[in-house]
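Everything in the sequence shown is counted per our numbering, starting at 370 for the first residue and increasing by one.
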Amino acid sequence: MKNEKRLYVLLPKPMHEQIWKTSGKFKVNLVAQCLMIEYLLDPDLQKRVKTRIRDGFNRNK
Numbered sequence: 370m371k372n373e374k375r376l377y378v379l380l381p382k383p384m385h386e387q388i389w390k391t392s393g394k395f396k397v398n399l400v401a402q403c404l405m406i407e408y409l410l411d412p413d414l415q416k417r418v419k420t421r422i423r424d425g426f427n428r429n430k
C-alpha cells in the first residue's frame, strides 16, 4: 500500500459548477481546483494572467 494521504474539500455547488465549466468539464485535481478558485475570485490575478498570455504570444511571433 502506498503511503499517501487524501484530502477532500466540499465546495459550494455554484463554485463547483463554475470550476467544472471553466475546466472544460474535465476532472481536475485539488491543486488545480485551488488555483482555479483563486483565479476566479481575484480580478487582479486574472489581469496578470491575461497579460502574461498576451505577452507570451507576442514574444513567440
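Using N, Cα and C, we set each Cβ at its ideal position, and we do this for glycine too.
Three-state secondary structure (DSSP) of residue i
i    : result
M370 : Reliability fails at M370, whose pLDDT of 47 lies under 50, so the model's placement of it is uncertain and no value is given.
D413 : helix
L379 : coil
Element boundaries [alpha helix (DSSP H), containing residue i]
i    : result
P383 : K382 to T391
Nonlocal neighbours in the same chain, by C-beta distance under 8 Å from residue i, ignoring five residues either side
i    : result
A401 : S392
L414 : E407 and Y408
Q387 : L409
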